[in-house]
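Here's what the structure looks like:
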């Protein structure tokens, strides 16, 4: 039984999501559907790229991941099939797959150009329902990806803003804010390797600072700003028992520095 | 394996939804459950009717669609089973099915009056859990609809506000606002047939106007107000790359006019 | 085919939920996953306890309920397996299961201490993904709970605030506000037994009062404050056709009194 996941910016509860599910189940009634998330900020391809990179590899091999964050719908941008690390991806070629592709170079790339695997009527504004959903369902039913269209040369890359690793400092930024208000940065555990992480490390986020990188939120008293290595291997700032983003007024893009003297 | 979809106004994340799923899986453990949407505005039967009409026909024949938007729960309003276009519907008879019924005249109508297919204890306020969920699960398990109760004469109709098609103008209104803030009107592609849709057509929405009906959002520069025929075959107004409802302060019910001179 | 439900405070649409689903499906690809709710207020164990108590018993016996509301993640709090009333629960031992345990004394308690059933790498901040999800998936695959770890003596209890039943009055409080804005109290139908519930009963909620306990919302005209026994057997206050919490400015914890003279 195949698994198909859906990632969109339609908003949870959008009937557009349900329409895609109806199309998929009409072609492949036995698939297991999983909502990866529908709360990608509207048309935010970079955010989608980050979420896909952190979550998709948790799914079994052969999972079919469908991504509909598609600001260019109806233009000449390609819709592609990619196989990476034994999993299948269907998405507009707009950079949404670029972070995954950095870690898992594509084993196969196809351009979805064969209308035999689309709905008979294709709208100009909802290719998720009319092209991507049926293509995913046909894959789940055993159609080889080669039948979906010709080879596609290369994925569009959206460069990731990486942290900078200097001599006495590492510079980065808040890349994502989770539903607890924790501030997830683009500074990774690797970048900290070989550096002290005890109270000699000063972590600065906007106008706030804290010392040392801790193991868990709960090691410090409520209300304290703490830095930890989060569950995705990235440096994360949190206020114990509170919402750091709201409490401190921090937004995505805020500069984060780790410094030693 | 049967598919049961759920449409409610409980709000995504409501434990009431989960209670219905528990009841269904207790009777029919092998069904595939799909959330159609739980974000129908509270008690907004007309909105439910619109969503059901656009999404339910995308599902396979024999899907069982359960609808719990039920301002009259506990009163004498009937709960009905309807078969339309080979799909099954269970809903309070309050108009929620009326737009579907316009397109797909009911092939069978039953009043859910046989408590043998309800939970043993029926509350006064949650017939979704106590009557509709178990009835749907019994249908999924093979119970013929006739056993759920006696025939039901006719569905309550909630008249749809249709656009008006005059000589040099078509008048309608914003019927729905999607999660991108696009303004979906009750003016359909059919109503525009035979009329020019190039720059001779002036589309007026509240105090704003734009010229021509385009194929896609992306044909115009960001920030532009554009009119297109959307993925449900309805005239739709959008601001490219932005949220039209918020940007322009437009609400459901705003008058939309297409005029030629 | 096993059923696994997920209850978290991650927020609907959180990719953290999807990561747990990926882990579960990688180990047990045939399970049926059900979202119980992901909208427990952040770290609100008491709220989780209430939701679990009202919804979990609706699911079939042998359902595996996984609960990740875990303010103490990374500290010494135990993660436990509990069997209650023939259903399986995996949760941090922080009181989230305490209301269920009042009604269904645990038949078996295990402390999840055997890393053989965890992910190979365990983060300090996301035991839902790294310990609870894989343990649940292994249970679904037939692993006996005894293999997950040693017996656990007793569940942490978080005492429930109960209503007080006096001679001419019952005192309680608003315990939960549902998505319609209805005010659900900790005064139960049992507590009202033997007392008049007609207009002799005066129900006071904050600065508002109403007389009599009704069967359904719809018995009174729109805009009226009514008291009913809700679908969970608790006294509930609602404004007909409106959102009582917003209309009256009532919050959780507001005192509710039923009085007779």
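Residue numbers (our numbering), protein chains in the order written: chain W, 1 to 261; chain F, 1001 to 1261; chain C, 2001 to 2261.
Beta carbons are placed, not taken as given, at the ideal position from N, Cα and C, and that holds for glycine.
Listed in chain order, the positions of the segment 96-126 of chain W with a beta carbon within less than 8 Å of a beta carbon of chain F are 123, 124, 125, 126. Of the other Cβ atoms in all chains shown, fewer than 16 fall within 10 Å of the Cβ of residue 1198(F); this residue is therefore exposed.
Selection 26(W), 30(W), 3(W), 25(W) evaluated against residue 2018(C) yields 3(W) as nearest (Cα-Cα). Assigned with DSSP and collapsed to three states, residue 190(W) falls in helix.
Pairwise C-beta distances place the segment 2177-2190 of chain C out of contact with the segment 2141-2153 of chain C, as fewer than three of them are shorter than 8 Å. Contact check between the segment 73-81 of chain W and the segment 10-26 of chain W: fewer than three CB pairs, one atom from each, fall below 8 Å, which does not count as touching. Three or more beta-carbon pairs separated by less than 8 Å are not found between the segment 171-179 of chain W and the segment 61-71 of chain W, which leaves the two stretches without contact. Chain order gives no chain W residues near residue 2006(C), where near means a beta carbon separation below 9 Å; the closest approach is about 12 Å.
Under the three-state reduction of DSSP, residue 214(W) is assigned to strand.
Look at residue 2138(C) here: in three-state DSSP terms it is helix. Shown here, residue 35(W) sits in a strand according to DSSP, grouped into three states.
Within the DSSP secondary-structure output, residue 2184(C) pairs in a beta bridge with 2176(C), 2236(C).
For residue 1038(F), the residues of chain W that pass the 8 Å Cβ criterion are 13, in the order they occur in the chain.
Here DSSP, grouped into helix, strand and coil, assigns residue 146(W) to helix.
When DSSP states are grouped into helix, strand and coil, residue 1068(F) belongs to the strand group. Secondary-structure assignment with DSSP links residue 1250(F) through no beta bridge to anything. Ranked by Cα distance from residue 237(W), the options 183(W), 211(W), 213(W) are led by 183(W). Distance check between residue 143(W) and each of 106(W), 226(W), 118(W), 224(W) places 118(W) closest, using alpha-carbon atoms only.
In the DSSP assignment, residue 1089(F) falls within the unbroken beta strand (DSSP E) covering 1087-1092. Taking C-beta separations shorter than 6 Å and ignoring five residues to either side along the sequence, the partners of residue 10(W) in its chain run 16, 17, 38, following chain order. Closer than 8 Å to the CB of residue 74(W) there is at least one CB belonging to chain F. Each of 2092(C), 2097(C), 2141(C), 2107(C) was checked against the Cα of residue 2126(C), and the nearest Cα belongs to 2092(C). Contact check for residue 156(W) against residue 98(W) passes: the beta carbons are separated by less than 8 Å. Judged by pairs of C-beta atoms under 8 Å, the segment 2200-2220 of chain C touches the segment 2238-2254 of chain C, as three or more such pairs exist. When secondary structure is reduced to three states using DSSP, residue 1164(F) falls in the strand class. Within chain C, 2001, 2003, 2032, 2060 have C-beta atoms less than 9 Å from the C-beta of residue 1029(F), given in sequence order. Under the DSSP assignment, residue 2109(C) falls outside any alpha helix (DSSP H), being part of the beta strand (DSSP E) whose first and last residues are 2108-2111. The segment 1102-1111 of chain F makes no contact with the segment 1123-1140 of chain F; the number of CB pairs closer than 8 Å stays below 3. DSSP lists 1259(F) as the beta-bridge partner residues of residue 1169(F). Taking residue 2258(C) as reference, the option from 2181(C), 2115(C), 2229(C), 2085(C) with the minimal CA-CA separation is 2229(C). Beyond the five residues adjoining it in sequence on each side, residue 1114(F) comes within less than 6 Å, by CB distance, of 1148, 1149 in the same chain, given in chain order. Leaving aside the five residues that flank residue 1241(F) on each side, the residues in its chain whose CB is nearer than 6 Å to its CB run, in chain order, 1222. Excluding its 5 nearest sequence neighbours in each direction, residue 1083(F) has C-beta neighbours in its own chain below 6 Å: 1107, 1108, listed in chain order. Judged by DSSP in its simplified three-state form, residue 2006(C) adopts strand.
Residue 2104(C): not part of any beta strand (DSSP E); DSSP gives it neither H nor E. Boundaries cannot be given for residue 2132(C), as no beta strand (DSSP E) includes it and DSSP labels it neither H nor E.
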